[in-house]
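Participant:
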Amino acid sequence: MTMDILLIILIAILLGYIIYLHIQLVKKNLFIESTVKRLSGIEKSWSAEEMNRFLHEIRKIQHYSAFFNDKLFEEKSLTFLLENKSTSKIYIHYTKDEKVARSILSEGFRYADSFYKTALPVTNDKLDLLIKHNNRKSFGNYLMILCLSDRIVDHYTAELDRYGLKGVAVENILTETSTARNENADTIYLLPNRYVKGFINYQTGEIAMNPDFNPSYDSPVFARNIELLKNINRTNVE
Numbered sequence: 023m024t025m026d027i028l029l030i031i032l033i034a035i036l037l038g039y040i041i042y043l044h045i046q047l048v049k050k051n052l053f054i055e056s057t058v059k060r061l062s063g064i065e066k067s068w069s070a071e072e073m074n075r076f077l078h079e080i081r082k083i084q085h086y087s088a089f090f091n092d093k094l095f096e097e098k099s100l101t102f103l104l105e106n107k108s109t110s111k112i113y114i115h116y117t118k119d120e121k122v123a124r125s126i127l128s129e130g131f132r133y134a135d136s137f138y139k140t141a142l143p144v145t146n147d148k149l150d151l152l153i154k155h156n157n158r159k160s161f162g163n164y165l166m167i168l169c170l171s172d173r174i175v176d177h178y179t180a181e182l183d184r185y186g187l188k189g190v191a192v193e194n195i196l197t198e199t200s201t202a203r204n205e206n207a208d209t210i211y212l213l214p215n216r217y218v219k220g221f222i223n224y225q226t227g228e229i230a231m232n233p234d235f236n237p238s239y240d241s242p243v244f245a246r247n248i249e250l251l252k253n254i255n256r257t258n259v260e
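The sequence shown begins at 23 in our numbering and counts up by one.
#1: In angstroms, rounded to a whole number, what distance separates the CA positions of A230 and F221?
#2: Kindly confirm or deny that the stretch 124 to 142 and the stretch 199 to 217 touch, where touching means at least three C-beta pairs closer than 8 angstroms.
#3: Work out the CA separation of V175 and E205 for me, nearest whole Å.
#4: When you compare the stretch 114 to 133 with the stretch 227 to 247, are there three or more beta-carbon pairs, one atom per stretch, that lie closer than 8 angstroms?
#5: Quick check: the Cα distance between K10 and K252, rounded to an integer number of angstroms?
#6: With respect to the beta strand (DSSP E) encompassing Y116, which residues constitute its N-terminal and C-terminal limits?
#7: Hey, would you say I195 sits closer than 8 angstroms to I248, going by beta carbons?
#8: Give the straight-line distance between the Cα atoms of D26 and I41, rounded to the nearest whole angstrom.
#9: Could you give the first and the last residue of the continuous alpha helix (DSSP H) run that contains F102?
#10: Residues in its own chain within less than 8 angstroms of F278 by CB, not counting five upstream and five downstream?
#11: Comparing C-alpha positions only, which one of L37, G227 and A245 sits nearest to L94?
#12: From this set, P242, H177 and K188, which residue's C-alpha is nearest N255's C-alpha?
#13: Please report the distance separating the alpha-carbon of V192 from that of L149.
#14: Under three-state DSSP, which class holds G189?
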């Protein structure tokens with residue numbers, strides 16, 4: 023009797039596993055079909071290296087999808103991430119700890135030397151986003167969204183050019199606090215929290231919006247930062 027029960031349980035488990043594999047196969051086929059439709063015509067302009075890179079990313083996302091559901095490419099998450107794309111430059115940054123993510127919302131985004139070391143630019147290009155996401159998601163489940171309006175970036179880029187400050191990144195001007203040095207002698211900058219839109223937990227789909235978010239935020243301190251750099255530049259020339 024016990025053996026019969028064990029046999030029935032084993033058969034039930036096998037049937038369940040077969041159904042699971044079938045569902046995964048259907049999902050994979052749907053994914054491939056939708057990808058082919060989106061890429062129709064684009065692949066003709068790709069080099070062999072670009073095509074191999076794309077296929078590698080497809081294999082990676084299909085491999086990991088059996089272990090967890092990635093919510094970043096759901097409509098709600100993508101809309102939140104990209105809805106400012108027509109008027110702003112959008113960047114993403116990953117962190118592991120929710121406490122750190124919420125401190126960035128309230129305090130701002132702190133980075134060392136170069137903004138682009140840990141902040142990646144994203145656009146409406148889903149393939150580019152997929153590649154960047156797969157490369158960086160191991161840094162944490164919390165995807166921070168940073169937005170700088172085109173108007174602010176263009177204005178301060180023009181100001182830097184006007185005063186001959188060629189080697190200065192515009193993001194380094196957009197700070198209201200004094201710079202500091204860390205233990206590695208890197209310069210630490212703090213981007214105001216107004217430029218932090220919020221975060222997405224790409225595993226759970228949780229979205230947190232920053233109530234202070236304003237991608238067009240301007241501060242008189244930014245102009246003073248340029249004046250300070252002008253004086254330093256003038257002193258170095260003399």
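Where a beta carbon is used, it is the ideal one built from N, C-alpha and C, also for glycine.
Facilitator: Result, derived from the coordinates:
#1: 5 angstroms
#2: yes
#3: 30 angstroms
#4: Flag = yes, the stretch 114 to 133 and the stretch 227 to 247 touch.
#5: Since the first residue of the chain shown is 23 and the last is 260, residue 10 is not available in this structure.
#6: For Y116, the enclosing beta strand (DSSP E) starts and ends at S110 to T117.
#7: Between I195 and I248, the C-beta gap is smaller than 8 angstroms, which places the two residues in contact.
#8: 23 angstroms
#9: E97 to L104
#10: As shown, the chain starts at 23 and ends at 260. That puts residue 278 outside it, with no answer to give.
#11: G227
#12: K188
#13: Near 27 angstroms, if we compare the C-alpha coordinates of L149 and V192.
#14: coil
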